[in-house]
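Here is the structure we will look at.
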Amino acid sequence: MNKYLIQVYILITSTIICFSSPQNCSFSKTISKNITVSNTCTAYDNVTIGLIASSDIIQFEIVSYANIQMNGNVTCVGNGSVVQYVNSNLNLTQKTCFYNSSKMIMSENSQLTTSKETLYFHLSQLIMKDNATMFLNGDFAIYNNVVFVMHQNSFIKTKNNFYINDASEFIMNDNSMINSTSNFYIYSNLIMNSYSKINGVAFLHLYKSHITLNNNSEINILSFQAEIIKSYLTLNDHSEMNFASYEVGNEKSYITLNDFSKSKFKRFYVHKGGVITLNGMTDTAQMTTKSLQIGSCFLNCGIFDSNIYTSVLNVTGKSFISVDTKFIFVKSTLIINNRDIRDLPVVFYSGSNPLNITNSTIKSQNDFDVICSQTAITNTTLAGIKLLLGGKLLRYGTSNKFFCHVEGVTNKIMKYSEPYCPCGGTEDWYITPLPNVTSLYVEINPTKTITKPRFKTNDKFSSESVSIGNTQISLYKTDNLVLGISTPKTVGINLVTLTKTVLFVSETKLTIESAQFNAAINTKNGIKILEVVLRCTNGIYNKTSQRCEDPTICDDINCKYCPYNKNSCISCKNQFANVNSKCEQITNCQLLISNRCLKCANKFLLQGGLCVSDEICLLEQIDGKCQICNTNNGYINNNGKCVKSETNSEVITNYNIVSCNKGFVSNTTNCLKCNEFYTNSEICENGKATKCDNLSEMNTNGICENKECVIPNDQNGRCTTTIDNCKYLSNGKCNECESSYILNKNKCNNNKEQNCIVQNNFGCLKCDEDYYFDESTKQCESCDSNCLTCFETSTKCLSCSQNTYLSIYKCNTNEDLNLTCDRYASFGSGCVVCKDGYYRVGLDCFECDLKCGKCLNTNSCLTCNSTNYKTTGGDCLPQSDIVGCAVNVTQSGCSKCQDGYYTVNTNECQKCDDNCNTCTLTSNKCTSCVDSLVLLANGSCVGVSQISKCQEITHSKCSKCLFWYSPNKDGTMCRSQTVWWVILIVVMFVLIVLFVLIVTIVIVTKIILNKAHTHKIEKTTTLFAMNKSNINFVPLQGGVCVSSNVIDLNSDIEQIEVNEETRQVLCVGNTNKTATKIQFTIASNITKFTIRVDPEVVTLKSNFACEFSVFVKPLCSCKINNTIQIISKNLKTNKEKYNEISLVGVTQQSTRIDYDELTEDKKLGEGSFGVVFKGSFRGNVVAIKKMKTVFDDNKLMDEFENEVSMLDKFRCEYIVHFYGAVFIPSNVCMLTEFAQYGSLQDLMKHKTSDD
């Protein structure tokens, strides 16, 4: 089984190898006829395509998706050509050469790979169409009038040298690109169009070359060195040239930067007659370099080079050069045009190395700023220049004005281009916003003084400027500016030939020509105030002229008041009446009240406030005829007689009726009805009939014609002149004749039309070949001599003679195509290929629409002109139509939109929703919002009211929520969050409250207890006034007195009981004028009795006494003779006094013995609990048993007391007598009768037989 599986595997593998291995291409060594390759194959022999002597076109075609590898040399000669079709691949592993008009054509998405050198010679061509790709692993060179064209998105990657030689032409179009890691030699023409790029390049050498970069093309060089020798390098339309190389030398070459083009170098030398021309008209850096050295010679200089060469820097626009570290300008010429001191300096230098500007010449008709430097300039010898602002500005000319250019405004703070700006108050300087600045905010200090006001003068540089207080602003470089003004006081505005559009908006009042306002707009027609003037400092405000004017000064000297218009009087002076806003003198008036005539003199009538004569004739001639009639009364002069004018007259003069009322027309002397003057008319105006009666209508000449007749003979129902033998008439013209008659020249003839081949009743149907039928004459007319045949008119050709071609019914010669045709037809006259900017219709070339660069027809553009862009629909629209583009709009449209706009149709911008800062494919799908709104996940921007619990929005995020809530990470919502510090504060507050509450409770409790104790004391303590008592007090020290100075315990009883309290009363009084505190104390070494006093402490008011109970408890039978102390403290002086009171008494006899009555003799014995001594007590010999342990424990003392109590009960003569015991803790002992003969046990132990 395994054997069969192995065989099957081998068979399948062999089949796969067989079908996957490339086939061999079977080509003859010389291909002399067309050949097509449609599969994948490999050729191993050398191949020659085409024949040198033959004019036949021989093509080697590689069809779509075919893969060909040529392992031999490939040579293409004569009219031979290699054509790669869509997605085909060609791999050339050996040397490849193209000669003698041969061609290499790569179609869309085709690919060519070379391993060895590839050479193109004499008139050969290489065409790379859209998205074609070429990988060059060997040297590539074109020589002697070779044409190399790269079309849209074509791409070349090369690792070896790249040569363009000998009058060849290399054209890169529409995003084509070359990536090189080797050397690039250009000795001929290179034209780069529409975003084409050359990147990389290890070494660039330009010699006698012409290089032109158009429409955003770029050259990016990463080499160590680049040489530009005797070449012309021109950059147009936003193209760029970036040299990261260490040294770039310009020798005898012309580098021109036009429009918005830019260049960037690391170290740039311009020497040996090199010329740099900057034609950029924008205020940007057109050349940026770390080091710029312009002079006669710097590199590879000969002995005389420094004397024979002069380099030139020619600046004709508004752009400037930015230099970082080193700038040298020696033995050179600086030529400046279209520039003055209001423009930016030519060079911005930010380095610290000294500038070398010597032995050079400057040519300019205007004053201008040469160099602006971060550090002071010291080394310069140029004629006609001077150093200003501490050496930081080098100027050509004599002017002392300065223009500080504002390139941007952020948070109302202006950013100046020059490092020395803003200037001080002693300089005559202007704030000058650049064109990109659309709004400006200035703060005016009206109290600031200028130490040298004479500096500020008006000259040609002051035009297009405005002075606001002491601040000067030049609007020379901008237009359509919003100027915000902040000033604490009212300031005046002075305009100096200002024609720019400026909107003035002030926080406070501005004044101009005594008018105060907050907002005004200036245009080329003057300044216009945009609000009602609050107050005129002099006169009243005229809304029409928007000026403060004196109402008493009017154009009419007889006018007294004209507040609205100087030409329109409201009130006239005395003796003048207001007639149609004019002041007319009042004459011939008999009664004049309030400048108004109420009655005229005789022969005068009152009309319109004036007295006019009522005479018919105002002036008679010598012959008695009237010369002037009174037109005011309606009379006109008719041959010297004044006759009453028609009642229907409206305006009359001395001789004529000028106009009549509606429905009448003037014949100068009378007003006639319209139908009398104009037949069939009904209404006349301005001497013409304007409406006809019902039976008529107005023709084109304004005459009313009768539109009805008895027998209409016209097809439209009118009566017209009859044409003989005409069958049908229309508007006076014959449309068809009777049978057997021919229509000719609006007549019906019975003879045949000359030069007519076919005809009928309507006229000629077909004319001879050289004739055409003229619709106006209805006959055959001869064609123009330029036409073989024609129609409708003699010059509307249908065919042409030899050596001419037909175009729009006109025969033209090749001479008419000299400016439009690129290739003429080989079969005769006419064009087969038109030049760029023209399209072919038939054999003629027509100019493309102005919006097109190249076109297919009048409505279809292939490319747009430099000011238009191509839409996705194929139309070319003005680049200015794209609003919101973040970069410069090109012929391809906008590649990046500004914030607030989104891309539509791949290359256009459309404004986002008003709430969006930026958005994506739709206007309401925001990607960022304005600062006051928050972007949600659904792409909408919402305000603070739409976010629950949010209180404040900052930077498009909810930054502050309601208490106990906090914004999430995205700032789109508020989430509940524990506020630990609040909890901590609450806990601390609760603890503090609890603490305060506890302290309060303790204090209150203590107060209550004290009061209860006081109340209790008051219940148990007797206080009384001394003057109301019959006790005789004994005075003591400190104003204290007592009822007795001795406390006798036996005053009531002969002997006091032992171990029981005995009470005695002692009254203590206070004789002081202030309260005194009383308490008792006793010596601490008293052990025979205990004592307590109730109350313990008492505060006595003045002349009050207290009854104290003294309780004494004897601990043994004894005599008491001690003292106790009364301590008194004066509460006012805090002084204490001590007084002693004697305490005496005798106790009963008991078994509680006084230790002081015992006498110890000798030690009898010792046990574990005590020691037995022999002693005496009140004359009796006793045995004293002293306890070793001190009885400081109540339990032990209770046991001892129980034992003593038991012994006390045994009273027998046969038992040792018990005297008692000492209960004082430090001297506890028991006393018994002393048995001198020992114990009964001893007697029994030691007895003898005799006993």
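Numbered by mature numbering (1 follows the signal peptide of the UniProt record, and there is no 0), the letters in the sequence shown go through residues -20 to -1, 1 to 1231 in order.
By construction, the Cβ of each residue, glycine as well, lies at the ideal position given by its N, Cα and C atoms.
None of these values were measured; they are calculated from a predicted model.
Span of the alpha helix (DSSP H), counted from its first residue to its last, around residue i
i	result
residue 1226	1220 to 1226
residue 1187	1174 to 1189
residue 656	654 to 657
Local conformation of residue i per DSSP, three classes
i	result
residue 1135	helix
residue 1044	strand
residue 147	coil
residue 794	helix
residue 1116	strand
residue 978	helix
residue 476	strand
residue 992	helix
residue 236	strand
residue 312	strand
residue 598	strand
residue 513	Confidence at residue 513 is low in this model, with a pLDDT of 45, below 50, so the placement of that residue is unreliable and no value is reported for it.
residue 842	strand
residue 984	helix
residue 1008	helix
residue 968	helix
Beta-bridge partners of residue i, as assigned by DSSP
i	result
residue 1214	Residue 1214 is not bridged to any residue.
residue 1072	1091
residue 935	None; residue 935 has no bridge partner.
residue 247	271
residue 956	945
residue 820	825
residue 408	381
Local Cβ density within 10 Å of residue i, reported as buried at 16 or more and exposed below that
i	result
residue 836	exposed
residue 1224	exposed
residue 909	buried
residue 722	buried
residue 1235	Because the chain in this structure spans residues -20 to 1231, residue 1235 falls outside the shown range and cannot be described.
residue 28	buried
residue 322	buried
residue 1232	Because the chain is modelled from -20 through 1231, residue 1232 falls outside the range shown and cannot be assessed.
residue 960	exposed
residue 143	buried
residue 1094	buried
residue 944	exposed
N- and C-terminal bounds of the beta strand (DSSP E) containing residue i
i	result
residue 110	Looking at the DSSP string, residue 110 is not in any beta strand (DSSP E), and its letter there is neither H nor E.
residue 328	327 to 329
residue 1106	1099 to 1110
residue 39	38 to 42
residue 942	It is not in any beta strand (DSSP E) - residue 942 carries neither H nor E in the DSSP assignment.
residue 562	562 to 565
residue 376	373 to 376
residue 856	856 to 858
residue 444	First-last for residue 444: undefined, no H or E at that position.
residue 833	832 to 837
residue 1267	Look at the range of the chain in this structure, -20 to 1231, and you will see that residue 1267 is not part of it.
Is the number of C-beta pairs between the region 1153 to 1171 and the region 1052 to 1071 that are closer than 8 angstroms three or more? Output reads no: the region 1052 to 1071 does not touch the region 1153 to 1171.
Quick test of the definition: if touching needs 3 or more C-beta pairs under 8 angstroms, does the region 51 to 59 touch the region 88 to 95? The region 51 to 59 vs the region 88 to 95: no contact.
Decide if the region 1095 to 1111 is in contact with the region 1038 to 1057; the criterion is three or more beta carbon pairs, one per stretch, under 8 angstroms apart. Yes, since at least three Cβ pairs between the region 1095 to 1111 and the region 1038 to 1057 fall closer than 8 angstroms, the two stretches touch.
Inter-stretch contact (C-beta, 8 angstroms, three-pair minimum) for the region 225 to 241 and the region 192 to 212: Taking 8 angstroms as the limit for Cβ pairs, the verdict is that the region 192 to 212 does touch the region 225 to 241.
Given 8 angstroms as the limit, is there contact between the region 339 to 351 and the region 370 to 386, that is, 3 or more CB pairs closer than that? The region 339 to 351, when compared against the region 370 to 386, does touch it at the 8 angstroms Cβ threshold.
Kindly confirm or deny that the region 964 to 975 and the region 931 to 940 touch, where touching means at least three C-beta pairs closer than 8 angstroms. Judged by Cβ distances under 8 angstroms, the region 964 to 975 makes no contact with the region 931 to 940, as fewer than three pairs qualify.
Hey, is the region 38 to 57 in contact with the region 6 to 20, meaning 3+ C-beta pairs nearer than 8 angstroms? The region 38 to 57, when compared against the region 6 to 20, does touch it at the 8 angstroms Cβ threshold.
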